[in-house]
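I have placed the structure first, in the form of C-alpha cells, so that the comments after it can refer back to it.
Residue numbers (this note's numbering): 331 to 460.
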C-alpha cells in the first residue's frame, strides 16, 4: 500500500458483535459454554474464531451486567457444567442491539451504494489460496 493509511481493522470496534452473537445463541435456549463456542465458530457469527477464555470472559461480564444468568447443570457422566440463559433484561438488550445494527446496516448500504455509483471501480478483495 506504499504508506497508505490502512482502513480500520481494530477489533475493538466490533467487540460488541461477539456479545450480540452470544445473546442470539442464548435466545435459542439454555446452553453451556463449549456448545456456544462450537456454534459460534461453526456458524461464523464472529469476525474471527476465539477461544474458551474469551467466551467465558464475555459470559461473566454479561452475567455481571444482568443480561445473562448461569446455573449448574447435573447429569451424565462427568462433572456438572455451567449453563447460561438470557434474562428478561437480556432479551430487551438484544432487541435494542438488533435495532441499532439494522439502522447501521442501512447506513452502510447507502455508503457502499454511493461509492459504487461514484464511478470508481471496485477492487476485488484478494482471497488467499486455501
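Just so it is clear, CB atoms sit at the ideal spot from N, CA and C, and this is done for glycine as well.
Contact belief for residue i with residue j at Cβ below 8 angstroms, rounded distance in angstroms
{"i": "residue 363", "j": "residue 386", "result": "6 angstroms"}
{"i": "residue 418", "j": "residue 388", "result": "The Cβ separation is near 20 angstroms, so there is no contact."}
{"i": "residue 401", "j": "residue 375", "result": "In fact, because the Cβ distance is near 24 angstroms, the residues do not count as touching under 8 angstroms."}
Residues of its chain near residue i, where Cβ-Cβ distance is below 6 angstroms and the 5 sequence neighbours each way are ignored
{"i": "residue 360", "result": "413, 415"}
{"i": "residue 423", "result": "397"}
{"i": "residue 395", "result": "none"}
Distance between residue j and residue i (C-alpha atoms, nearest Å)
{"i": "residue 367", "j": "residue 354", "result": "13 angstroms"}
{"i": "residue 397", "j": "residue 425", "result": "12 angstroms"}
{"i": "residue 399", "j": "residue 448", "result": "49 angstroms"}
{"i": "residue 442", "j": "residue 428", "result": "21 angstroms"}
{"i": "residue 446", "j": "residue 436", "result": "15 angstroms"}
{"i": "residue 431", "j": "residue 440", "result": "14 angstroms"}
Classification of residue i by the beta-carbon crowding that lies within 10 angstroms, buried from 16 upward
{"i": "residue 433", "result": "exposed"}
{"i": "residue 384", "result": "exposed"}
Whether residue i touches residue j by CB criterion (9 angstroms)
{"i": "residue 390", "j": "residue 403", "result": "no"}
{"i": "residue 370", "j": "residue 380", "result": "yes"}
{"i": "residue 420", "j": "residue 347", "result": "no"}
Sequence-distant residues of its chain with Cβ nearer than 7 angstroms to residue i (five each side left out)
{"i": "residue 393", "result": "399, 400"}
{"i": "residue 438", "result": "none"}
Beta-carbon contacts of residue i that lie in its chain and below 8 angstroms, excluding the five residues immediately before and after
{"i": "residue 365", "result": "none"}
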